[in-house]
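Asks:
Number of protein chains: 2
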Amino acid sequence: MELQESAFGFEIDRVVEAIEERDCEKVGLQFPQGLKRRATTVVDTLEERTDARLYVSGDPCYGACDLDEWLMRNTDMLVHFGHSPIKDSDDVLYVESRSDAPIRDVTLDAAEKLDADAPVCLVTTAQHSHVFEEARDILEDDGFEVVASGGGNRLNNTGQVLGCNYTSVVPDAPQVLYLGGGDFHPVGLAMDHPDKLLVVADPVNDQVREVDGEKFIRQRYAEISRAREADPDKWGVILSTKIGQRREEIAQYLLDNYDDTYLITMDEITPDRLLHFDADAYVNTACPRITTDDGPRYDDPVLTRVEFEIAVGERDWDDLSFDTFHGAWST
Amino acid sequence: MELQESAFGFEIDRVVEAIEERDCEKVGLQFPQGLKRRATTVVDTLEERTDARLYVSGDPCYGACDLDEWLMRNTDMLVHFGHSPIKDSDDVLYVESRSDAPIRDVTLDAAEKLDADAPVCLVTTAQHSHVFEEARDILEDDGFEVVASGGGNRLNNTGQVLGCNYTSVVPDAPQVLYLGGGDFHPVGLAMDHPDKLLVVADPVNDQVREVDGEKFIRQRYAEISRAREADPDKWGVILSTKIGQRREEIAQYLLDNYDDTYLITMDEITPDRLLHFDADAYVNTACPRITTDDGPRYDDPVLTRVEFEIAVGERDWDDLSFDTFHGAWST
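Residue numbers (this note's numbering), protein chains in the order written: chain E, 2 to 332; chain L, 2 to 332.
1. Could you spell out the range, first to last residue, of the alpha helix (DSSP H) harbouring lysine 216 of chain E?
2. What is the DSSP secondary structure of alanine 280 of chain L, reduced to helix, strand or coil?
3. Could you round the C-beta distance between proline 204 of chain L and alanine 112 of chain L to whole angstroms and report it? I think they count as a contact, below 8 Å.
4. Suppose you measure from the CA of aspartate 294 of chain E to the CA of valine 80 of chain L; what does that come to, to the nearest Å?
5. From the DSSP output, read off the bridge partner residues of threonine 266 of chain E.
6. Note down, in chain order, every chain E residue with its Cβ under 8 Å from the Cβ of alanine 280 of chain L.
7. Judging by CA-CA distance, which residue of E:Cys62, E:Thr51, E:Leu47 is the nearest neighbour of aspartate 268 of chain L?
8. Which residues in chain L sit within 7 Å of lysine 235 of chain E, going by Cβ to Cβ distance?
9. Alpha carbons only, please: which of E:Gly328, E:Ile218, E:Ile87 is nearest the one belonging to glutamate 250 of chain E?
10. For aspartate 173 of chain L and leucine 321 of chain L, what's the separation of their Cα atoms in angstroms?
11. Within the chosen definition, does the stretch 257-273 of chain L reach the stretch 204-219 of chain L through at least 3 CB pairs nearer than 8 Å?
12. Ignore the nearest five residues each way along the sequence and tell me which others in leucine 198 of chain E's own chain have a CB closer than 6 Å to its CB.
13. With DSSP as the reference, label threonine 168 of chain E as helix, strand or coil.
14. In whole angstroms, what is the alpha-carbon distance linking leucine 276 of chain L and aspartate 300 of chain L?
15. So is arginine 274 of chain E in contact with chain L if we call contact Cβ pairs under 8 Å?
16. Please decide whether serine 58 of chain E counts as near chain L, where near means a Cβ-Cβ distance under 8 Å.
17. Exposed or buried, what is glutamate 6 of chain E when buried is set at 16 or more other beta-carbons lying within 10 Å of its beta-carbon?
18. What number of angstroms, rounded off, separates the C-alpha of asparagine 154 of chain L from the C-alpha of serine 98 of chain L?
19. Which residues in chain L sit within 9 Å of isoleucine 265 of chain E, going by Cβ to Cβ distance?
20. Grab me the residues of glutamate 146 of chain L's own chain with a C-beta within less than 6 Å of its C-beta, minus the 5 sequence neighbours each way, in chain order.
21. Taking threonine 292 of chain E as the reference, give the member of E:Pro86, E:Thr305, E:Ala282, E:Asp317 with the closest Cα.
22. Please classify tryptophan 236 of chain E as buried or exposed, where buried requires at least 16 neighbouring CB atoms within 10 angstroms.
23. In angstroms, rounded to a whole number, what distance separates the CA positions of aspartate 24 of chain L and alanine 287 of chain E?
24. Taking 8 Å as the cut-off, does the stretch 217-233 of chain L touch the stretch 129-139 of chain L (at least 3 CB pairs, one atom from each stretch)?
25. Could you round the C-beta distance between threonine 76 of chain L and tyrosine 56 of chain L to whole angstroms and report it? I think they count as a contact, below 8 Å.
26. Do glutamine 31 of chain E and leucine 72 of chain E come within 8 Å of each other at the CB atom, strictly closer than that value?
27. Tell me whether arginine 219 of chain E is buried or exposed, calling it buried when 16 or more other Cβ atoms sit within 10 Å of its Cβ.
28. For glutamine 34 of chain L, go through chain E and note every residue whose CB falls closer than 8 Å to its CB, in chain order.
29. Quick one: grab the DSSP three-state call for histidine 327 of chain E.
30. Beta-carbon separation of isoleucine 265 of chain E and valine 307 of chain E under 8 Å?
31. Along the chain, which unbroken stretches of the alpha helix (DSSP H) at least 4 residues long are found entirely within the stretch 110-166 of chain L?
32. Give me the residue from E:Thr46, E:Asp142, E:Gly59 with the minimum Cα distance to glutamate 12 of chain E.
Okay, structure coming up:
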């Protein structure tokens with residue numbers, strides 16, 4: 002069966018070349034949830050063109066922070082589809098899925114919501130990074146001053162955003178144009194930069210909108226208040242076993258400095274898994290988006306480290322900020 | 002805080018001794034779901050008596066087949082509570098939780114449902130293995146011929162049953178007395194030995210009952226029929242990444258002999274995780290109880306290897322049998 006090219010394209014030739022070059026017998030394939038339906042077609046194509054045994058990861062995958070370590074250990078190469086590298090590794094071949102959706106009209110529509118007299122910071126995701134410069138040119142031709150930063154700090158490209166890292170937003174810019182789909186990054190941008198005007202240009206759905214981060218900030222205040230009122234005797238400190246979500250130094254710090262803390266290691270973090278423990282509240286040192294986006298679905302309060310410090314009275318409410326990841330793993 | 006002793010007791014002294022003997026800095030603690038609520042109390046006790054840093058596994062744990070490999074690699078010793086070893090390892094200390102529920106009355110009550118003129122095979126779980134000989138004596142004093150086997154084949158003790166292994170049932174015995182709680186083992190016993198009279202003596206709830214396996218067998222027929230009618234183009238072959246549920250030779254055999262098969266590796270296997278793939282049916286080579294107990298909750302049919310071979314016409318319906326594990330892992 003031929004690989005059907007759709008709105009998101011994979012570079013299959015590059016995968017075949019890497020399998021041949023490395024003489025791989027076993028190859029792992031990992032897809033984010035939204036691309037898993039294409040796994041069987043990718044397997045068919047690779048089986049036609051190579052002799053490798055193909056192992057598809059069936060576990061959830063939420064980003065390049067979430068590499069299938071079992072496949073890394075047990076195959077000759079892991080092909081990770083849909084995300085750009087947080088950190089390069091010889092064991093992992095990253096294959097971004099690039100959107101071929103046109104960007105010109107949606108970018109110009111979005112520009113009408115911006116202040117033409119102020120600099121605009123342009124950000125995007127791995128799916129659209131290959132058209133970042135095209136988008137910048139469109140805005141500059143339209144008369145805007147475009148600013149951009151990024152790369153380093155887990156980020157592969159200029160202007161790229163990750164769910165845990167919005168450092169590519171230039172601090173001085175009063176407004177941000179996000180080129181990409183979904184709600185996930187607009188929400189993250191709004192939480193990390195609640196003081197900026199945020200406009201979304203979504204090329205896949207051809208939609209433009211403004212995003213207000215206020216309600217997410219209010220939700221975090223509510224969660225901290227819930228934890229204060231509960232006055233927990235036992236705090237579970239969650240340490241992720243996922244390679245790119247493992248912040249052991251923060252977990253250790255909390256364990257060393259607070260008596261009522263218990264270290265809980267987890268791969269997937271879900272509300273039902275925490276129900277089994279008798280802790281009264283949790284500090285999540287793994288992916289901050291679990292805390293901010295899913296936290297209110299948990300029976301007990303789940304806070305970030307800074308939110309915990311506010312809850313126990315070590316910090317002021319004014320210190321509330323979005324929890325971000327800046328480093329990568331060392332092994 | 003003192004460890005509260007309840008119906009299930011842990012041998013904390015043995016854990017403390019092992020931590021001291023091995024001079025452990027980091028110790029992993031793993032509990033089955035039903036015992037996770039006691040984790041914080043065990044941590045408190047061990048922190049009072051040792052200097053080790055304690056890591057509690059927050060991932061689900063379904064048996065001694067399901068060791069937390071991340072903790073095995075990243076701590077100096079893993080203490081696995083609640084199950085007896087499938088295979089001994091220097092890296093793992095197994096601490097069974099022993100029930101102190103009295104067994105005499107419930108065993109004699111159950112005996113009234115048995116045929117006094119035929120041999121009875123006695124089986125139990127790790128929670129009651131320490132009173133196995135006491136139960137045997139009670140039955141023999143009551144006039145029964147008691148037969149027993151087991152040990153080896155993943156089984157730690159004579160007469161012990163696992164969810165995937167009921168080989169301790171003596172083939173010639175027409176009746177089985179199961180000493181233990183829950184529905185899980187009665188269901189497995191009934192599926193593996195549908196021709197035997199099966200009586201449950203549950204010491205924890207002080208209950209006696211007969212179990213009929215017929216409905217479980219009918220359910221498997223229905224699942225195979227569902228798969229035949231769907232006539233799948235694509236079969237997902239599920240390979241577990243859990244240390245004691247990884248039957249790679251069966252998965253490889255299926256991949257090598259059937260074209261329409263795709264290898265999917267998974268840790269936790271759940272209905273929602275399979276929804277992301279476009280396979281039409283699945284062969285589960287991991288824990289057989291996922292197939293038999295949870296299979297009907299899956300959108301697509303999930304079969305065991307033998308059930309798959311019946312579905313594709315390679316075997317007769319008469320070959321239908323309960324899928325069992327007889328070996329342990331080699332690494």
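Yeah, the Cβ is synthetic: ideal placement off N, Cα and C, and Gly gets one too.
Replies: From the atom records:
1. 215-231 is the span of the alpha helix (DSSP H), which, as asked, contains lysine 216 of chain E.
2. In the structure shown, alanine 280 of chain L adopts coil according to DSSP, grouped into three states.
3. In fact, because the Cβ distance is near 14 Å, the residues do not count as touching under 8 Å.
4. Looking at the backbone, the Cα of aspartate 294 of chain E and that of valine 80 of chain L are separated by about 34 Å.
5. Answer by DSSP bridge pairing, in chain order: E:Leu240, L:Ser58.
6. Neighbours of alanine 280 of chain L on chain E, chain order: Thr41.
7. With distances taken between CA atoms, aspartate 268 of chain L lies nearest to E:Cys62 out of E:Cys62, E:Thr51, E:Leu47.
8. Per Cβ cutoff of 7 Å: Thr41.
9. For the set E:Gly328, E:Ile218, E:Ile87, the Cα lying nearest the Cα of glutamate 250 of chain E is the one of E:Gly328.
10. So the two alpha carbons sit approximately 20 Å from each other.
11. No: fewer than three Cβ pairs fall under 8 Å.
12. Contacts found: Gln176.
13. Note: threonine 168 of chain E maps to coil in three-state DSSP.
14. Roughly 7 Å between the two C-alpha positions.
15. Closer than 8 Å to some Cβ of chain L, the Cβ of arginine 274 of chain E qualifies, so yes.
16. So, interface residue.
17. For glutamate 6 of chain E, the predicted structure reports a pLDDT of 44, less than 50, and the residue's modelled location is therefore unreliable. A value from the coordinates is still provided. Glutamate 6 of chain E comes out exposed.
18. In this model, asparagine 154 of chain L and serine 98 of chain L are separated by some 21 Å (Cα to Cα).
19. Against chain L, the beta carbon of isoleucine 265 of chain E has neighbours under 9 Å at Ala40, Tyr56, Val57, Ser58, Gly59, listed in chain order.
20. Cβ within range, chain order: Pro120.
21. The shortest Cα separation from threonine 292 of chain E among E:Pro86, E:Thr305, E:Ala282, E:Asp317 belongs to E:Thr305.
22. With a threshold of 16 other beta carbon atoms within 10 Å, tryptophan 236 of chain E meets it and is buried.
23. So the alpha carbons of these two residues sit roughly 29 Å apart.
24. Output reads no: the stretch 217-233 of chain L does not touch the stretch 129-139 of chain L.
25. Indeed they touch by this definition, with Cβ atoms about 6 Å apart.
26. Yes, Cβ-Cβ distance for leucine 72 of chain E and glutamine 31 of chain E is below 8 Å.
27. Flag for arginine 219 of chain E reads exposed.
28. Chain order gives the chain E residues near glutamine 34 of chain L as His277, where near means a beta carbon separation below 8 Å.
29. Here histidine 327 of chain E sits in coil by DSSP.
30. No, Cβ-Cβ distance for isoleucine 265 of chain E and valine 307 of chain E is not below 8 Å.
31. The stretch 110-166 of chain L contains these whole alpha helix (DSSP H) runs: 133-142.
32. Shortest Cα-Cα distance from glutamate 12 of chain E to any of E:Thr46, E:Asp142, E:Gly59 involves E:Thr46.
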